[in-house]
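Convert by adding 717 to the 1-based position in the sequence shown; the result is the number in the numbering used here.
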Amino acid sequence: LNRTDMLRFRKVCKKASEIGHYIDHEIKALIFFKKTESITTQIPNYIKCLILIHAPNSADAKKIFGSIPGHIDTLYLTTVPSAADAKVVLGAIPPNINILGLTTLPSAADAEGVLGAIPEHIDYVILTTLPSAADAKGVLGAIPPNINILGLTTLPSAADAKGVLGAIPGHIDTLYLTTLPSAADAKKIFGSIPRHIQALRLSTLPSAADAAVLGAIPPHVLRLVLNTLPSAADAPGVLGAIPGHIEALRLTPLPSAADAEGVLGSIPGHIKALVLSTLPSADDAEGVLGSIPEHIRSLGLTTLPSAADAKGVLGSIPRHIDSLVLTTLPSAADAKGVLGSIPEHIRRLRLTTLPSAADAKGVLGSIPRHIDTLGLTTLPSAADAKGVLGAIPEHIRRLRLTTLPSATDAQTYKNAIPLGIVHNIP
C-alpha cells in the first residue's frame, strides 16, 4: 500500500484503529496514527522523519514526544495545538528534533502564542499551507528568531507573493521551495523574496526549455541548493541558466560516474564553491570528484567517508581545489585516518562543527601539516575554549572565526589560542 491507499483504507475499514503506524519507504518517514499512545514500534535508523496524524494534547505531550527515538530529526504535525496549550505541547518536543513541519497554521490572532512556543533547538520550519496575504504578517512574523530556514511546499500567487513572501521575518536567511513558479510568474514570485534571504533551496528543476525561470532568482540570493539534478543532456541548459550572482552551489544527489562529466562540467564559471550532500563510493570517487570543473576552488562535504574509504574518496579531490569545508567531524578514533587523507594541495580547512574538549586533541591534532589556515564556524564555550582551541596544532598559521566572542570573553579565547597563530579576535 502507498500512503494514499493506507489513509483511504483507514477511513473505510472497521478495523482501521488497529493500524497504529505505517512506514513510508519512499519519503523515509513513519506515519503514526494513534492519539494517546507512546511510540513503541522499532523504527529503522534510516527513517529520519515522524508524521503524527494527531498532535498530542498537553496531558500526553511529554509521554508521546518523549518516546520519539533519538535518530529522528524531523517531526511533522498535521494539527497545531491551541495557543493555550502550545507552550506545554511544543515545549515537549525532544532536542534531537531540529526540523518541524506544520500542515496547518494557527490564525493570525493565535500565531504568536503557537509559533512562538516552538523550542529553541528547532532551526528549520516547513509550512504545507500558506497564510493569506492579509494574515501573512501576523502569522509568518510570529516565527521565532531561532528559525533560520523556512520551507514552503506551496507558492503564493503572483498577486499575493509580495504580501506573503515579504512577511518572512528578517532572521530567516534560507528559503526552501518545493515547487517552482511558472515562467510567466517567476519574476513576480522570485522578485518578492526579501533581501535578507541569501540562500534558496529548490526541490524541483525546470526543463531545459523553461530554465529561464532560474534567471528570475533575485541578485541578493548568493547560494543555491538543488535537491534534484538535470540529466547530462539537459545540464548545460539548466545549470547554465543559474544567474551570475550565485557564488555557491550545493548538490543533494550526486550524478553517476558516467554522467558526472556532463552534469558537473555544466556548472557555470561564476560558481566558485561547491557543496556535496552525499559522497561517491571509493570506486566512483575519481570519476565523480574528478569531474568538478577547474573554476571551483572550494569544496564542502556534509558527510565524511569512513576511515577505510577516506584515502580513495578524499584523495580524488582534484588539485584545483585548495579549500575544504567539513560539516561533520570524524570521531577521535577515526580522525587520523579520515583527516590524514586530505590531499596536500588543500591549504585551507573550515569546520562547521567542533569536537568536544575531551576529543579536541585527537580530532584537531589529526589535521595534516599542509593545512595552514583553519576556519571555525562555531565557538566553543568560554569554559571549553582552552581545551578546544588549545588543541589546534602549531602548524596552523591563521585562525578565522565566523562567530566572535563577546568583548568580556575575548581575552579568554585569545589566551586559549596557541602562540604564533594569527587570529581575527579584536
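Glycine is no exception: its CB is placed at the ideal position from the N, C-alpha and C atoms.
Can you check whether the CB of alanine 977 is closer than 8 Å to the CB of aspartate 951?
No; because the gap between Cβ atoms is not below 8 Å, this pair is not in contact.
Where do the ends of the alpha helix (DSSP H) carrying tyrosine 893 lie?
Tyrosine 893 -> not in any alpha helix (DSSP H); beta strand (DSSP E) instead, spanning 891-894.
What whole-angstrom Cβ distance do isoleucine 988 and isoleucine 1009 have, given they're in contact under 8 Å?
Between isoleucine 1009 and isoleucine 988 the Cβ distance is about 10 Å, and since that is not below 8 Å, they are no contact.
Short of 8 Å in beta carbon distance, which residues of its chain neighbour lysine 732, apart from the five on each side in sequence? Order them along the chain.
Model confidence at lysine 732 stands at a pLDDT of 49, short of 50, so the residue's coordinates are unreliable and nothing is read from them.
For serine 1083, decide whether its Cβ has a neighbour in chain B, counting only Cβ atoms nearer than 8 Å.
Annotation note: the requested chain B is absent from the structure, which comprises a single protein chain.
So, at 7 Å on beta carbons, what are the nonlocal neighbours of serine 755 in its own chain, with the 5 sequence-adjacent residues on each side left out?
Excluding residues within five positions, the ones whose Cβ falls inside 7 Å are Lys780, Ile781 and Ser784.
So, at 6 Å on beta carbons, what are the nonlocal neighbours of threonine 995 in its own chain, with the 5 sequence-adjacent residues on each side left out?
Only Leu971 meet the Cβ criterion.
Excluding sequence positions up to five away, which residues of its chain have a Cβ less than 6 Å from the Cβ of threonine 846?
Here the set comprises Leu822.
Under 8 Å: do the segment 804-813 and the segment 828-841 share three or more Cβ pairs, one atom per stretch?
Cβ pair count under 8 Å is three or more, so yes.
Any idea what DSSP makes of aspartate 852, helix, strand or coil?
Helix at aspartate 852.
Going along the chain, which residues of its own chain have a beta-carbon closer than 6 Å to the beta-carbon of isoleucine 768, five neighbours each way excluded?
Once the five neighbours on either side are set aside, the close Cβ partners of isoleucine 768 are Ala746, Ile748 and Tyr793.
Leucine 922: buried (16+ other C-beta within 10 angstroms of its C-beta) or exposed?
By the neighbour-count rule (16 or more Cβ atoms within 10 Å), leucine 922 is buried.
Threonine 791 by DSSP, collapsed to three states: which one?
Here threonine 791 sits in strand by DSSP.
Taking the alpha carbon of leucine 991 as the reference point, which residue from Lys1028, Pro1035, Asp1001 and Ala1025 has its own alpha carbon closest?
When only C-alpha atoms are compared, the closest one is Pro1035.
Have a look at Asn1141, Glu1111 and Ala1127 and flag the residue whose alpha-carbon is nearest the alpha-carbon of proline 1135.
The shortest C-alpha separation from proline 1135 is found at Glu1111.
What residues are listed by DSSP as bridge partners for valine 1042?
In the DSSP output, where bridge partners are listed per residue, valine 1042 has Gly1017 and Arg1067.
For tyrosine 763, which three-state DSSP category applies?
In the structure shown, tyrosine 763 sits in coil (DSSP, three-state: anything other than H, G, I, E or B).
Between the alpha carbons of threonine 1020 and valine 1030, how many angstroms are there, rounded?
Approximately 12 Å, taken between the alpha carbons.
Tell me the DSSP secondary structure of glycine 908 in three-state form.
Three-state result, glycine 908: coil.
How about isoleucine 860 and leucine 882: are their beta carbons less than 8 Å apart?
No; because the gap between Cβ atoms is not below 8 Å, this pair is not in contact.
Can you tell me which of the three DSSP states aspartate 827 falls into?
Of the three classes helix, strand and coil, the one that applies to aspartate 827 here is helix, per DSSP.
For threonine 896 and threonine 870, I'd like the C-alpha separation in whole angstroms.
Answer to the nearest angstrom: the Cα atoms are 7 Å apart.
For histidine 937, which residues of its own chain have a beta-carbon under 6 Å away from its beta-carbon, when the five flanking residues on both sides are left out?
Once the five neighbours on either side are set aside, the close Cβ partners of histidine 937 are Arg912.
Cβ of leucine 943 within 8 Å of Cβ of leucine 968?
Their beta carbons are under 8 Å apart, which means leucine 943 touches leucine 968 by this criterion.
DSSP three-state call for isoleucine 781: helix, strand or coil?
In the structure shown, isoleucine 781 sits in a helix (DSSP, three-state: H, G or I).
Taking the continuous beta strand (DSSP E) assigned at glycine 675, which residues delimit it?
This structure cannot settle anything about residue 675, because the visible part of the chain is limited to 718 through 1143.
Could you give the residue range of the beta strand (DSSP E) that holds aspartate 802?
It is not in any beta strand (DSSP E) - aspartate 802 instead sits in the alpha helix (DSSP H) that spans 800-807.
I believe leucine 1106 touches tyrosine 1130 by the beta-carbon criterion, under 8 Å. Please report the beta-carbon distance rounded to the nearest angstrom.
7 Å between Cβ atoms; contact.
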